[in-house]
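Quick mapping for you: the protein sequence lines, in order, are chains U and Z. My numbering numbers the first residue of the first sequence as 1 and each following residue consecutively. My numbering numbers the first residue of the second sequence as 1001 and each following residue consecutively. Encoded as structure tokens, the structure appears first; notes follow it.
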Amino acid sequence: MTTANTIQDFTDQEYKWGFITEVDEDRIPKGLNEDVVRLISSKKEEPEFMLQWRLKAYRHWVSLERSQSEPKWAHIKYPPIDYQNIVYYSAPKQKPGRTSLDEVDPEILKAYEKLGISLGEQKRLSGVAVDAVFDSVSVATTFKEKLAEKGVIFCSFSEAVRKHPALIEKYLGSVVPYTDNFFATLNAAVFSDGSFVYVPKGVRCPMELSTYFRINAADTGQFERTLIIAEEGASVSYLEGCTAPVRDENQLHAAVVELVALDYAQIKYSTVQNWYPGDKQGKGGIYNFVTKRGKCLGKNSKISWTQVETGSAITWKYPSCILIGDNSIGEFYSVALTNNYQQADTGTKMIHIGKNTRSTVVAKGISAGFGQNTYRGQVKIMKGATGARNYTQCDSLLIGDKCGAHTFPYIEVRNGSAQMEHEASTSKVGEDQIFYLRQRGLSAEEAVSMIINGFCKQVFRELPMEFAVEAQKLLSVSLKGAWGKDGHAGNPQSTREYQSSGDSEGD
Amino acid sequence: MAAVTQVAELGSYVEAFRELEQRTIRQPDWLRSMRRDAFARFCDAGFPTTKDEDWRFTNVAAIARGSFAAAAAGNSRLTMEELQPFRIPGAACRLVFVNGHFEPELSDKASCPPAVEAGSLAGALARNPETLNPHLGRYLNTQRDSFCCLNTAFLEDGAYVRIAKGTVVEAPLHLLFVFIGAGEPLMAHPRNLLIAEPDTQVDIVEEHVSLAEGIFFSNVVTELVAQENAVLSHHMIERENREAFHVSTLRIQAARNANVRSHSVLTGGALVRNNIHPVLSGEGAECLINGLFIGDGHQHMDNYMLLEHASPHCSSRQFYNGILDGEAHGVFHGRIIVHKDAQKTDAKQTNRNLLLSDSAQIDTKPQLEIYADDVKCTHGATIGQIDEEALFYLRTRGLKEGSARQLLLFAFAGECLERIAPGAARTYIERIIHQSLPSRVRPFSGGGLEMDRHWEEVG
């Protein structure tokens, strides 16, 4: 787990994904109005129903903006966003009618290569199908043919709109309607691309599906939309990763993810979010305002969210499950890390509607530097959800005395047969634990890395294998500089023991 | 903040406030301007709505809509016999307030130690207002809460207790707030100021009861000051009738090494909101907040806790148990804020709820807000039913289902009881819990006789 390399990572590494790729961009002018929405829709060659849907969303958004309905309740602070100062569409220029990888701009391929995501041949060995989204458009999707054999559709959202309009029309906005919230409405109006997955009845998707999002252009917002549909008895595992270049100004990322699971279907959605977090003084970075929601429509269906949130200046996201089908299951596993001036307000919503629905929430927050980390979660048992069961655990780890960790759970029970457990703890990394590891020969950095990885283990083990390793590394890199060489963070006298998650209930 | 309720509805308050101003024209300026400021703020903010985060689960529209007359003083028809059931054996004193006003005739201060000054706030304000100036209204946060504003605006009477330095009072002080009907809906805003000087020890029981049917809105504020090394227990018992609206705020200021324990038992009322707001302002202060709420029918019980750790080396414990039956709605809102300098904080919060019927509702919101790093904070919340396995075990030992359920319920309630130090106050509270529990076992009341015997065994 911990090697000499990790120490190096701890002390030296900056945000290494911060390079800028020089490609010709096709971008529209800054600002947002009805024409921009129409322009985006026409650029994507969308059918009429899409344009109408976008326009409805745009008009709704205008009314929301006028009534100043941008959500303000989260425990985050940021200056007002000028929505007219954002480029809503930017795409790398390309030849029309691109059909294979060979026609993708080599600069872009190089960029992805640099990020460790090869879209080319060698990746075939690892068996992960990748959809790569560069600024506003999807540039390549691998393994399409192989997936098509099984009947699985995995393509960019715009392609799906063109090729499978019936599916889109049926499911688009069925989980996150365009009226859902300020940012979801904005996304509905201007979203440019994203991924679309459809797994037909009874099919177990033969490989992991993955989307890689990259913001490259300056002054742009990224608004992607992902829709995953698992038909009866289908199952799929989907991963997403994201990075952005280092820029001084804040960039807005407002995505929407919708999952639909029918009878006996399973969807596993994993995220490793590593947008540019801003520099040490809190300058720049991505505002990550994302709406993610899954609907367990069918009986015995299951949706599982796993997220590792290390990037972004501000994270505002609550991957949620609406458990409609009887016996359906919702899961949420999260590690959120805030260092320097990062802020995160993240958590989940579990809405129990069907009978015997179950949900599990495990959230781990780590705050260092001046970071503010908030868990905000809601578990709601509706009247008809007889026999509902929920287990929630959220733990926070504090490193340094300038950061904050907050927990805001909401538990609302409308049915007497529900069983709910919620526990949370907040503590710091124990001096005695570090002392113990150091006397076994580990350096302070290694010790901290080991303790933190132990703290997050419950979540990491839910990640697909390749991502789990990646996530561990990412965590130690993101914590770079948070821990002094002597193994102290700000307050050297501390003796309090770090409470492991298990005994937080105590009695 | 609170959305503005229809101003017209505040009309009755405006009138009552004018009358109060007339009555209190001789009082010192600081007090009158405090009232006026608070009233202005109340008129500004109006009653909170469910859009207000702190009132998300509690709709006070019934209070906002209601028109309440201010209860007048001095027309009590109560006799000592009628108050007999509300006597704590061996209490150091009992101060009786009828419809919010002090009744010296019904009060008993015979065995009150000389170092304890206990009486009415109105009396203290008339005699010597300047000694109250440094404390009265100095702790309460009227910026956040309209009900606190309203109480401060109508600040007139209530209990005033001051324990002189170094005094240990072994018997509890009993503050009894009695409501008697008057045909029309009444309101009262009792204001209590309890000051425990350094190195003192005292138990205080604050009890709210009604001796009549009828709608009553009591909006109580208690400011409790625990100075250095004071050891103080506050017991709040709320058992008013099923039409009563009760909003109560306990503001605790704990100085260095003070030890404050707050126990609440809520069984009555139609809509009850119990705010507890301790601030651990001195190093090494300790605080226990212990509560039990038992609701059925259409009762609504909201427990709102805001615990501030403002100094290092403080510890706090919160334990709240709820038992809900019928269509009762329970709310637990526990918030712990650890301020930047409050290193070495040790805070723990536990909320456990039992739902006995399908229609009972519970909303719980345990929150941690932490700005210091060297802390140990945990919170836990559970919601469930009576443990079927425990029930099965008891039945194998020969208990009837009804008795077994009662035993388990009492054990659940007993967790709170056990945290109260043994003594006259605890015995008194134990009796109240006994009285309010048995009827809660709905379909299984397998024979009253057998149940009665069983309670004797437990007691």
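All C-beta atoms, glycine included, are put in the ideal place defined by N, C-alpha and C.
Under a Cβ-count criterion, where at least 16 other Cβ atoms within 10 Å of its own Cβ denotes burial, should residue 1183 (chain Z) be classed as buried or exposed? exposed
Reference residue 1224 (chain Z), options Z:1112, Z:1318, Z:1017 and Z:1137, closest by Cα: Z:1137
I'd like to confirm something about residue 80 (chain U): is its beta-carbon nearer than 6 Å to some heavy atom of the ligand ATP, or not? The ligand ATP is absent from the structure shown, which contains no ligands of any kind.
Please report the distance separating the alpha-carbon of residue 261 (chain U) from that of residue 306 (chain U). 16 Å
What residues from the segment 1363-1378 of chain Z come within 9 Å of chain U, judged by C-beta to C-beta, listed N to C? 1363, 1364, 1365, 1366, 1367, 1368, 1369, 1370, 1371, 1372, 1373, 1374, 1375, 1376, 1377 and 1378
Can you grab the Cα-Cα spacing for the pair residue 1315 (chain Z) / residue 174 (chain U), in whole Å? 48 Å
For residue 1383 (chain Z), would you say it is in contact with chain U, using Cβ-to-Cβ distances shorter than 7 Å as the test? yes
Go to residue 275 (chain U), then tell me how far its alpha helix (DSSP H) extends in each direction, as first and last residue. First-last for residue 275 (chain U): undefined, no H or E at that position.
Would residue 63 (chain U) be called buried (16 or more neighbouring beta carbons within 10 Å of its own) or exposed? exposed
Do residue 1298 (chain Z) and residue 1425 (chain Z) count as a contact pair if the criterion is CB distance below 7 Å? no
Neighbour-count burial assignment, residue 1039 (chain Z), 16 or more Cβ in a 10 Å radius: buried
Let's see if you can read the secondary structure: which residues bound the beta strand (DSSP E) around residue 231 (chain U)? Taken as a continuous stretch (DSSP letters only), residue 231 (chain U) belongs to no beta strand (DSSP E), as it is neither H nor E.
Could you tell me whether the segment 1077-1097 of chain Z touches the segment 1295-1310 of chain Z, where touching means 3 or more Cβ pairs closer than 8 Å? no
Residue 1470 (chain Z) and residue 411 (chain U) closer than 7 Å at C-beta: Any question about residue 1470 (chain Z) goes unanswered here, given that chain Z covers just 1001 to 1459.
What is the DSSP secondary structure of residue 92 (chain U), counted as helix, strand or coil? strand
So for residue 1268 (chain Z), helix, strand or coil by DSSP? coil
Between residue 406 (chain U) and chain Z, is the shortest Cβ-Cβ distance under 7 Å, so that the two count as touching? yes
Under 8 Å by Cβ, that's how I've got residue 203 (chain U) and residue 151 (chain U) pegged, so tell me the actual separation to the nearest angstrom. 6 Å
Pairwise C-alpha distance: residue 1126 (chain Z) and residue 1180 (chain Z): 26 Å
Which of the three DSSP states is assigned to residue 380 (chain U) in this structure? strand
Check distances from the C-beta atoms of the segment 1030-1059 of chain Z to those of chain U and list, in chain order, the residues that come in under 9 Å. 1053, 1056 and 1057
Coarse secondary structure for residue 1189 (chain Z), derived from DSSP in three states: coil
Is the segment 317-328 of chain U close to the segment 344-357 of chain U, with three or more CB pairs under 8 Å? yes
Limits of the alpha helix (DSSP H) - the one that residue 1320 (chain Z) falls within: No alpha helix (DSSP H) contains residue 1320 (chain Z), which is instead part of the beta strand (DSSP E) from 1315-1324.
If we cut at 7 Å on Cβ distances, does residue 400 (chain U) have a partner in chain Z? yes
What's the C-alpha gap between residue 424 (chain U) and residue 40 (chain U)? 45 Å
What residues from chain U crowd round residue 1280 (chain Z), counting only those whose CB sits closer than 8 Å? Neighbours of residue 1280 (chain Z) on chain U: none; closest Cβ ~17 Å, over 8 Å.
Counting only Cβ pairs nearer than 9 Å, list the residues of chain Z close to residue 419 (chain U). 1382, 1383, 1384 and 1385
Three or more C-beta pairs below 8 Å linking the segment 444-462 of chain U and the segment 413-428 of chain U: no
Length at least 3, wholly inside the segment 1173-1226 of chain Z: the beta strand (DSSP E) runs in chain order: 1173-1179, 1186-1188, 1191-1196, 1201-1210 and 1216-1226
Decide if residue 518 (chain U) is buried, meaning its Cβ has at least 16 other Cβ atoms within 10 Å, or exposed. The question about residue 518 (chain U) has no answer, for chain U in this structure spans 1 to 507.
Keeping to the same chain, check which residues put their C-beta closer than 7 Å to that of residue 125 (chain U); ignore five residues upstream and five downstream. Low per-residue confidence applies at residue 125 (chain U): pLDDT is 40, beneath 50, and the placement is therefore not dependable, though the value from the model is reported in the following sentence. There are no such residues.
Pair every Cβ in the segment 179-187 of chain U with every Cβ in the segment 209-216 of chain U, then say whether three or more of these pairs are closer than 8 Å. no
Could you give the first and the last residue of the continuous beta strand (DSSP E) run that contains residue 343 (chain U)? 343-346
Can you tell me whether residue 441 (chain U) is buried or exposed? The criterion is at least 16 other CB atoms within 10 Å of its CB, across all chains shown. exposed
Suppose contacts are defined by Cβ-Cβ distances below 7 Å. Is residue 314 (chain U) in contact with residue 267 (chain U) by that definition? no
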